[in-house]
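A quick write-up on the structure given underneath.
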Amino acid sequence: MTTRFAIAIFGTLVLPIMLLAQSGTDRFITRMKNDDINGDGKLTRSEFTGPQRLFDQLDEDGDGVLLLSDVAAQKLKNLRAIAGDQSGPAIGSADRQRMMETIQSRAANLRQGDAAMRGGQRERRDPDHRDVRYGEHERHVLDVYLAKTENNEPAPCMIWIHGGGFRRGDKSEGSLFARPFVENGIHYVTLNYRLSQHAIAPACFHDCAHAVQFLRQNAEKWNIDKSRIAIGGGSAGAGLAQWIAYSPDRADPTAADPMLRQSTRVSAVVLLNAQTSYDFRWIKKHIPGDAWMGDGLQQLFGYTIEDTDKIEDEQFRTIQECSPITHLSEDDPPSVFYYRRSKDPEIAMQNAMDGIHHPFFGLELKKRADELGVPCEVFTVETTKDRLFYNRRWDHAVAFLKKHFEMD
Numbered sequence: 001m002t003t004r005f006a007i008a009i010f011g012t013l014v015l016p017i018m019l020l021a022q023s024g025t026d027r028f029i030t031r032m033k034n035d036d037i038n039g040d041g042k043l044t045r046s047e048f049t050g051p052q053r054l055f056d057q058l059d060e061d062g063d064g065v066l067l068l069s070d071v072a073a074q075k076l077k078n079l080r081a082i083a084g085d086q087s088g089p090a091i092g093s094a095d096r097q098r099m100m101e102t103i104q105s106r107a108a109n110l111r112q113g114d115a116a117m118r119g120g121q122r123e124r125r126d127p128d129h130r131d132v133r134y135g136e137h138e139r140h141v142l143d144v145y146l147a148k149t150e151n152n153e154p155a156p157c158m159i160w161i162h163g164g165g166f167r168r169g170d171k172s173e174g175s176l177f178a179r180p181f182v183e184n185g186i187h188y189v190t191l192n193y194r195l196s197q198h199a200i201a202p203a204c205f206h207d208c209a210h211a212v213q214f215l216r217q218n219a220e221k222w223n224i225d226k227s228r229i230a231i232g233g234g235s236a237g238a239g240l241a242q243w244i245a246y247s248p249d250r251a252d253p254t255a256a257d258p259m260l261r262q263s264t265r266v267s268a269v270v271l272l273n274a275q276t277s278y279d280f281r282w283i284k285k286h287i288p289g290d291a292w293m294g295d296g297l298q299q300l301f302g303y304t305i306e307d308t309d310k311i312e313d314e315q316f317r318t319i320q321e322c323s324p325i326t327h328l329s330e331d332d333p334p335s336v337f338y339y340r341r342s343k344d345p346e347i348a349m350q351n352a353m354d355g356i357h358h359p360f361f362g363l364e365l366k367k368r369a370d371e372l373g374v375p376c377e378v379f380t381v382e383t384t385k386d387r388l389f390y391n392r393r394w395d396h397a398v399a400f401l402k403k404h405f406e407m408d
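Mapping the sequence shown onto UniProt numbering, position 213 (from 1) lands on 213, and the numbers just tick up by one.
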């Protein structure tokens, strides 16, 4: 087969796929832009008009928000993978079958979405106990996913707190991450908390602490080893998890309610795209760009960015009290941070959403943790190898927990 003829066949096979993929990508991006009614460059679950399953697949870190720039880049990368590099050496007849198999495989990846770019295939698992009440508010509910244990021995537990800017999100999002934990002998719990439209800070922080106490109070019922409980979350949930992990134990031995006598201390912390401070002054100093102006923080603490000079001392004390980095001390548990972005400062300046999830948050906390001798790891995405690691972060997280839970 001549070189020209081989390339012609290759073009004949690939071109329709490329055109179809390009057309589908354009339509998809256009639909996403149309969904973005307020033009902020991101979509929440309520704004997204496509299938719920598709949203879950595109939502890499499970924070309930899609960045349009990420989704567009993801689709275009798939398209380029199909197109390949046609400027290389000639394709001989012996390679034709392999070429066709490659084209078919890549086309299938386009139809299904690139699983690696979605952080691996994720499958929802139904909880063993759904909507268990831990308080009086309608959002004081949690789901329990039970692991199988040998001889019915108590097993460690991972508590996951959803993100969503303190204004949205639901515990059901955590079902996407349950399987790696329960399949490795770790119970898994997801919880809801009051959002900022229900009550401003510190309400949601106290809610999550009470949920930890509730789990310890009911540990025997679900076969949980109360001495081995870890906590984690994504974005806002990561901040809530850190606050519990780094704050002094909230157990009150004199409380009339036995639940409030339970400890809030945990064994380890697993975090996605975490903020470590909510003080806009701290954020303005350490994070480039406009992240410090985030409206989610304004709503959480009840101020407006135009009137920061009118914030009273009591409000500032609440903001600092709710900032995890304020509480870090030498007796705190080990933490691992996963960020889906590079630590390049320019990333934080692209838009406020990239800034508020920038690795500088975790890296600043790590500086303090290193000074105190508290184990702390921060992973960022700088290379293709880093991206592959991030996409398989749950394997690393499980290994991290098993080490600190002293599981064989």
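We put the CB at the ideal spot given by N, CA and C, even for glycine.
Bear in mind that the values here come from a model prediction, so they are computed numbers and not experimental data.
Pairwise C-alpha distance: residue j and residue i
i, j, result
"residue 245", "residue 408", "24 Å"
"residue 144", "residue 168", "21 Å"
"residue 281", "residue 364", "14 Å"
"residue 205", "residue 297", "14 Å"
"residue 152", "residue 380", "39 Å"
"residue 412", "residue 308", "Outside the displayed span of the chain (1 to 408) sits residue 412, for which this structure offers no information."
"residue 312", "residue 304", "12 Å"
"residue 209", "residue 237", "12 Å"
"residue 324", "residue 170", "22 Å"
"residue 366", "residue 241", "16 Å"
"residue 334", "residue 351", "31 Å"
"residue 268", "residue 279", "24 Å"
"residue 190", "residue 166", "15 Å"
"residue 229", "residue 249", "14 Å"
"residue 48", "residue 59", "12 Å"
"residue 306", "residue 316", "16 Å"
"residue 259", "residue 156", "19 Å"
"residue 142", "residue 66", "25 Å"
"residue 222", "residue 146", "7 Å"
"residue 177", "residue 271", "13 Å"
"residue 149", "residue 129", "17 Å"
"residue 231", "residue 393", "16 Å"
"residue 385", "residue 342", "13 Å"
Residue i - partner residues in DSSP beta bridges
i, result
"residue 143", "190"
"residue 133", "141"
"residue 155", "224"
"residue 338", "272, 379"
"residue 182", "Answer is none; residue 182 lacks a bridge partner."
"residue 203", "In DSSP, residue 203 forms no bridge with anything."
Whole-number beta carbon distance between residue j and residue i, since they are thought to touch under 8 Å
i, j, result
"residue 158", "residue 186", "5 Å"
"residue 184", "residue 402", "7 Å"
"residue 162", "residue 233", "7 Å"
"residue 362", "residue 274", "6 Å"
"residue 253", "residue 261", "6 Å"
Sequence-distant residues of its chain with Cβ nearer than 6 Å to residue i (five each side left out)
i, result
"residue 358", "287, 348"
"residue 175", "124, 125"
"residue 326", "320"
"residue 369", "376"
"residue 247", "327"
"residue 356", "291, 294"
"residue 423", "Residue numbering for the chain in the displayed model covers 1 to 408; residue 423 lies beyond these limits and cannot be assessed."
"residue 371", "none"
"residue 263", "249, 251"
"residue 132", "142"
"residue 332", "246, 374"
Pair within 7 Å by beta-carbon distance, residue i and residue j
i, j, result
"residue 400", "residue 336", "yes"
"residue 235", "residue 299", "no"
"residue 139", "residue 192", "yes"
"residue 134", "residue 214", "yes"
"residue 225", "residue 154", "yes"
"residue 373", "residue 330", "yes"
"residue 207", "residue 216", "no"
Chain-order list of residues whose beta-carbon lies under 7 Å from that of residue i (same chain, five-residue window excluded)
i, result
"residue 283", "277, 291, 292"
Own chain residues within Cβ distance below 8 Å of residue i, not counting five before or after
i, result
"residue 318", "201, 202, 301"
"residue 398", "180, 181, 184, 186"
"residue 137", "194, 198, 207"
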